[in-house]
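Protein chains: 2
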Amino acid sequence: MRESDSALNPEEYMPLREVVFLTLRSQILRGELKPGERLMEISLANRLGVSRTPIREAIRKLEHEGLVVMIPRRGAHVAEITQQELKDVLEIRKSLEILAVTKICRCITDREIGELEKAEEIFARQVMKKDSDPAALGEADEQFHEMIYNATHNRRMIQILNNLREQMYRFRMEYLKDKEVRMKIVEEHEAILNAIRRRDEQEAVRLEQEHIDNQYRSIMKSLEERCAGRTGYEQSE
Amino acid sequence: MRESDSALNPEEYMPLREVVFLTLRSQILRGELKPGERLMEISLANRLGVSRTPIREAIRKLEHEGLVVMIPRRGAHVAEITQQELKDVLEIRKSLEILAVTKICRCITDREIGELEKAEEIFARQVMKKDSDPAALGEADEQFHEMIYNATHNRRMIQILNNLREQMYRFRMEYLKDKEVRMKIVEEHEAILNAIRRRDEQEAVRLEQEHIDNQYRSIMKSLEERCAGRTGYEQSE
DNA sequence: TTATAATGTATTGTATACAAAGTCAGCCGG
DNA sequence: CCGGCTGACTTTGTATACAATACATTATAA
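Chains A and B supply the protein sequences, listed in that same order.
Note that the first sequence covers residues -9 to 227 in the working numbering.
Note that the second sequence covers residues -9 to 227 in the working numbering.
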């Protein structure tokens, strides 16, 4: 049964709960499991070929990530996300990313700048590709930001920021489709990178702020478009 | 077996995992379970009179809270916390509490200010009491800050800030013993409250910043005192 | 005496069984 | 025709059994 796992871990040991967790998480973020959809233990267990135990433990983790909501004795369902919550998340992210960028300008090493440049380059190349997979694009974007987070050397900040970004992955696919948006992101990344390279705190902060504000607008726009067709994200419960 | 639970929930239903989670969490924060101590499922299950299943699920939650560290196939142990991590946590808290205070100055209602005053008064009275229980004192302090968080109406921020504060509860008991420190905290709370009342953003932010910086110093002082006697918090793993 | 191998025990990882509660459809009475 | 009740079915909550791994101890050989 260990052999039939969706090929995820080539070498090292990973508990089933972790595999299940990553699988479900990915499915939620990719929209394969839709907001509000019920997560039933037995059917998940059958589908993934494991018993209920690892499923339950994975759900506990998803619950804490905020991707799943539990109602006692009534089971788990994929968390809905309201516009207000999105706004809340971005408000916090703005504050923390500013902190990160400020910190980085003071203490980033040349080696780390090199890595950042590399990540940015990969992202830019992905954008330029004609028919780039939105998932790959998203991952490249993720990499760039993760590099910034890592350079702070504040593990908890890294963890919190990753979690906050994660909340938005479900929408990223949508607005990353727009060619103009993607180009703009590349520009912004480069500008931020430049400011960091020059250790220009003020400018880096300003740009980062703008970057988040733009992201907010992009998401809201794509949300409105989606809502125009069909509602489903505007009420919390 | 449900009846023998450490009387926690008088009325509403709560899954065992939640009871176990709260119990263990409290024991970690109070220092009854010491950093580095192993958490063995069977002995915990026996001690709390439940089976391993709810214990395991509670541990998953503690793991995500950062109070417990898991090593696959080798079990869970209470998280150590290094000086660096404490610094990291406070760095984030400073940034977010500043955001909270700023936000509050703009949108707090008179009613909420009233509640904040009440919470502050309760805390001040606790401090003045001759032999006040440090736990009660800590809780009153917690209440005051939670009021501030709540006034932001940003649920995720409330959750994150509570979690970050939680990380420090293990040390709070120590430094709250010092009468001078406690008096100073009351003063600072009142000053912050006043600034908020006047909607003076700049001043409120400045005071909040100072409040956190002082907290940092207090904790570091009490940590150094502790380390002078016996080491145990300075290495990460 | 020391290093290494073997073996037994303790502990976690996973699966399954049983209990309790919730949901829903169909039936009966008003 | 509508509303409440009953009972089967679903689903979660909890306990336990079994498997696999890691750790410690002891014995054996160099």
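Glycine included, C-beta positions come from ideal geometry on N, C-alpha and C.
Delimiting residues of the beta strand (DSSP E) encompassing residue i
i                     : result
residue 60 of chain B : 58 to 61
residue 67 of chain A : 65 to 68
Whole-angstrom C-beta distance between residue j and residue i, which should lie under 8 Å
i                      : j                      : result
residue 11 of chain B  : residue 52 of chain B  : 7 Å
residue 147 of chain B : residue 78 of chain A  : 7 Å
residue 91 of chain A  : residue 194 of chain A : 5 Å
residue 112 of chain B : residue 133 of chain B : 7 Å
residue 65 of chain B  : residue 28 of chain B  : 6 Å
residue 82 of chain A  : residue 154 of chain A : 6 Å
residue 62 of chain B  : residue 5 of chain A   : 6 Å
residue 228 of chain A : residue 161 of chain A : Examination of residue 228 of chain A is not possible in this model, given that chain A is present from -9 through 227 alone.
residue 110 of chain B : residue 183 of chain B : 6 Å
residue 186 of chain A : residue 71 of chain A  : With a Cβ gap of about 31 Å, residue 186 of chain A and residue 71 of chain A do not count as contacting.
residue 174 of chain A : residue 152 of chain A : Rounded, the Cβ-Cβ distance is 23 Å, inconsistent with contact.
Residue interval of the alpha helix (DSSP H) (run including residue i)
i                      : result
residue 147 of chain B : 145 to 156
residue 171 of chain B : 169 to 187
residue 136 of chain B : 124 to 141
residue 104 of chain A : 100 to 118
residue 13 of chain A  : 6 to 19
residue 159 of chain B : 159 to 165
residue 52 of chain B  : 42 to 55
residue 80 of chain B  : 73 to 97
residue 31 of chain B  : 31 to 38
Proximal residues of chain A, C-beta to C-beta of residue i below 9 Å
i                      : result
residue 82 of chain B  : 86, 89, 144, 146, 147 and 150
residue 178 of chain B : The contacting residues do not exist; residue 178 of chain B stays about 22 Å from chain A at best.
Contact list for residue i against chain A, beta-carbon separation under 8 Å
i                     : result
residue 79 of chain B : 146
Residue i: contacting residues in chain B (beta-carbon distance under 9 Å)
i                      : result
residue 159 of chain A : Those do not exist, as residue 159 of chain A stays about 16 Å from chain B at its closest Cβ, beyond 9 Å.
Proximal residues of chain B, C-beta to C-beta of residue i below 7 Å
i                      : result
residue 239 of chain A : This structure cannot speak to residue 239 of chain A, because chain A is shown only from -9 to 227.
residue 54 of chain A  : 51 and 54
Residue i: CB within 8 Å of a non-hydrogen atom of the ligand MN
i                      : result
residue 107 of chain B : The ligand content of the structure shown is nil, which means the ligand MN is not present either.
Where residue i meets chain A, residues with beta-carbon distance less than 7 Å
i                     : result
residue 46 of chain B : 47
8 Å Cβ cut-off: residues of chain B touching residue i
i                      : result
residue 136 of chain A : Chain B residues near residue 136 of chain A: none, gap ~17 Å exceeds 8 Å.
residue 75 of chain A  : 145 and 146
Original post:
Taking one C-beta from the segment 167 to 181 of chain B and one from the segment 23 to 37 of chain B each time, how about it: are there three or more such pairs within less than 8 Å?
Top reply: Result no; under three Cβ-Cβ pairs closer than 8 Å.
**OP:** Give a yes or no on contact between the segment 117 to 128 of chain B and the segment 154 to 173 of chain B, applying the rule of three or more CB pairs nearer than 8 Å.
**Re:** yes
**OP:** Determine, using beta-carbon pairs with one atom in the segment 91 to 98 of chain A and one in the segment 137 to 144 of chain A, whether at least three such pairs fall under 8 Å.
**Re:** yes
Original post:
Hey, is the segment 77 to 89 of chain A in contact with the segment 190 to 200 of chain A, meaning 3+ C-beta pairs nearer than 8 Å?
Top reply: yes
Original post:
Do the segment 4 to 21 of chain B and the segment 43 to 50 of chain B touch if we need at least three Cβ pairs shorter than 8 Å?
Top reply: yes
Original post:
Hey, is the segment 52 to 69 of chain A in contact with the segment 16 to 32 of chain A, meaning 3+ C-beta pairs nearer than 8 Å?
Top reply: yes
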